[in-house]
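Heads up, the thing below is written out as structure tokens.
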Amino acid sequence: MKDKGLDVDQLLSDVFSNGMEYILDASVNEENFSERLEYKKRFPGIFISAGIHPNDIKDIELQTNSIREQIQTGHVSAIGETGLDFHWDTVSAERQKEMFRVHIQLSKEFDLPLIVHNRLADKEILEVLKSEKASNGVIHCFSSNFHFVKKFVDLGFYISFAGNVTYKKSEEIREAVRHVPLDRILVETDAPYLAPQKKRGRLNYPGYIGYTIDCIADIFNLGADETAQLTTQNFLNLFHSREAIDGK
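So the sequence shown is numbered by our numbering: it starts at 1 and just counts up by one.
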């Protein structure tokens, strides 16, 4: 967020002062773990992951060693984000799949949930998850159709929705929401991207999560507070008991 000109300290202070309870800071590469860890120490509601985004793969062996070292600090709650991204032609599909499998094995080794990134790779993501017998984690920023929701849920995964669920042309995503069990739904911002419809064109940040919660609540005919409570409990069910491999 700093590279977008935002004051991260002030942003975090504001959102936690205004009712935010938990934030998961999802890793995209191994390069700023120390800085992320400092924020976690200052703001107890922050959880952090360790992983390499499929577009950030460079040296698989070296990056895997870095992820392992970060996990072994005892402060990591999840592995990822990892997965497949076939939108950008920057890393070959085979290298992405190789690194995805590495993340899955680390997830199993340390009993930490996966944060799975999926862009234009529904079938391939499912094939890898099934072949590796992965069953613990979340499909983040879900943007597929409802046909894939049940497939991911049946594997054991949670489904997380971001601000794009609120877009006028996202009826397909909203239809997918309707097929997710209430005990498997999560919400996210994917900040600084995917600002919700009412804030579209601005940098996204955690303070906008309420717009996504309102949208999910409307789909299920629930109150916003009730939806916030159930997604918070789902978050804790997935991440809290695994906050650190060495315990607190």
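Quick reminder that beta carbons are idealized off the backbone N, C-alpha and C, glycines included. In this text the structure is predicted, and so the values were computed from the model without any measurement.
Q. Any idea if Leu62 is buried or exposed, counting beta-carbon neighbours within 10 angstroms, 16 or more meaning buried?
A. Here residue 62 corresponds to residue number 62 of the sequence shown, with the count starting at 1. By the 10 Å Cβ count, Leu62 comes out exposed.
(Q) Here's a check: name, in chain order, each residue in its chain whose Cβ is nearer than 8 Å to the Cβ of Gly45, leaving out the five neighbours to either side. (A) Within the sequence shown, numbered from 1, the residue matching residue 45 stands at position 45. The beta carbon of Gly45 is closer than 8 Å to those of Phe16, Met20, Glu21, Tyr22, Ile23 in its chain, skipping five residues each way along the sequence.
Q) Asn136 to Leu129, Cα distance in whole Å? A) Numbered from its first residue, the sequence shown carries residue 136 at position 136. Numbered from its first residue, the sequence shown carries residue 129 at position 129. About 10 Å.
Q) According to the neighbour-count rule (16 or more other Cβ atoms, all chains shown, within 10 Å of its Cβ), is Pro54 buried or exposed? A) In the sequence shown, counting from the first residue as 1, residue 54 sits at position 54. So Pro54 counts as buried.
**Q.** Nearest neighbour of Val102, chosen from Ala217, Cys215, Thr82 [CA to CA]
**A.** Translated into the one-based positions of the sequence shown, residue 102 becomes position 102. Ranking Ala217, Cys215, Thr82 by Cα distance to Val102 puts Thr82 first.
Q) What beta strand (DSSP E) runs, 3 residues minimum, are completely inside the stretch 1 to 35? A) 23 to 25
(Q) Checking the sheet assignment: what are the DSSP bridge partners for Phe47? (A) Working through the sequence shown from its first residue, we reach residue 47 at position 47. Per DSSP, Leu24.
Q. Which class does Phe86 belong to by DSSP, given the choice of helix, strand or coil?
A. Counting from 1 along the sequence shown, the entry for residue 86 is found at position 86. In this structure, DSSP gives Phe86 a state outside helix and strand, which the three-state scheme calls coil.
Q. Taking Cβ to Cβ, would you say Phe146 is nearer than 8 Å to Ala195?
A. Working through the sequence shown from its first residue, we reach residue 146 at position 146. Working through the sequence shown from its first residue, we reach residue 195 at position 195. Their beta carbons are not under 8 Å apart, which means Phe146 does not touch Ala195 by this criterion.
Q: Measure the beta-carbon distance from Ile60 to Glu98 and round it to whole angstroms, keeping in mind my assumption that it falls under 8 Å.
A: The residue you call residue 60 lines up with position 60 of the sequence shown. The residue you call residue 98 lines up with position 98 of the sequence shown. Right, the Cβ-Cβ distance comes to about 6 Å (below 8 Å), so this counts as a contact.
Q | Entirely enclosed alpha helix (DSSP H) segments - the stretch 88 to 115, minimum 4 residues | A | Listed in chain order, the alpha helix (DSSP H) runs fully inside the stretch 88 to 115 are 93 to 110, counting runs of at least 4 residues.
Q: Have a look at Thr90 and Gly156 and give me their C-alpha separation to the nearest angstrom.
A: For the purposes of this step, residue 90 is taken as residue 90 along the sequence shown, with counting starting at 1. For the purposes of this step, residue 156 is taken as residue 156 along the sequence shown, with counting starting at 1. Distance from the CA of Thr90 to the CA of Gly156, rounded to the nearest whole angstrom, comes to 30 Å.
Q: Could you tell me if Val138 is buried or exposed, where buried requires 16 or more neighbouring beta carbons within 10 angstroms of its beta carbon?
A: Here residue 138 refers to the residue found at position 138 of the sequence shown. Looking at its Cβ environment, which holds 16 or more other Cβ atoms inside 10 Å, Val138 is buried.
Q. Which residue from Ser160, Ser77, Asp7 puts its Cα closest to that of Leu249?
A. What is shown of the chain runs 1 to 248, which leaves residue 249 out entirely.
Q) Which partner residues does Leu186 have in the DSSP bridge list? A) Against the sequence shown, residue 186 aligns to sequence position 186. In DSSP, Leu186 forms a bridge with Ser160.
Q | 8 Å contact criterion, which Ile159 and Leu106 should meet: CB distance rounded | A | Counting from one through the sequence shown, the residue named residue 159 turns up at place 159. Counting from one through the sequence shown, the residue named residue 106 turns up at place 106. Actually they are not in contact, since the Cβ atoms of Ile159 and Leu106 sit about 22 Å apart, beyond 8 Å.
Q: Check whether the Cβ atoms of Ile216 and Arg178 lie closer than 8 Å to each other.
A: Within the sequence shown, numbered from 1, the residue matching residue 216 stands at position 216. Within the sequence shown, numbered from 1, the residue matching residue 178 stands at position 178. Contact: no.
**Q.** Contacting residues, own chain, Cβ-Cβ under 7 Å from Val162 (five flanking each side not counted)
**A.** The residue you call residue 162 lines up with position 162 of the sequence shown. In the sequence as presented, Val is not what sits at residue 162; that position holds Ala. Correct list, in chain order: Cys141, Glu188, Thr189, Asp190, Leu194, Thr212.
Q. Ordered along the chain, which non-local residues of its own chain (more than five positions away) have a Cβ less than 7 Å from that of Asp122?
A. For the purposes of this step, residue 122 is identified with residue 122 of the sequence shown, where counting begins at 1. Excluding sequence neighbours, Asp122 sits near Ser144, Phe148.
Q) Exposed or buried, Glu30, counting other C-beta atoms within 10 Å across all chains shown (16 or more means buried)? A) Position 30 of the sequence shown holds residue 30. Result: buried.
Q) Within 10 angstroms of its Cβ, does Asp154 collect 16 or more other Cβ (buried), or is it exposed? A) On the sequence shown, residue 154 is found 154 positions in, with the first residue counted as 1. Label assigned to Asp154: exposed.
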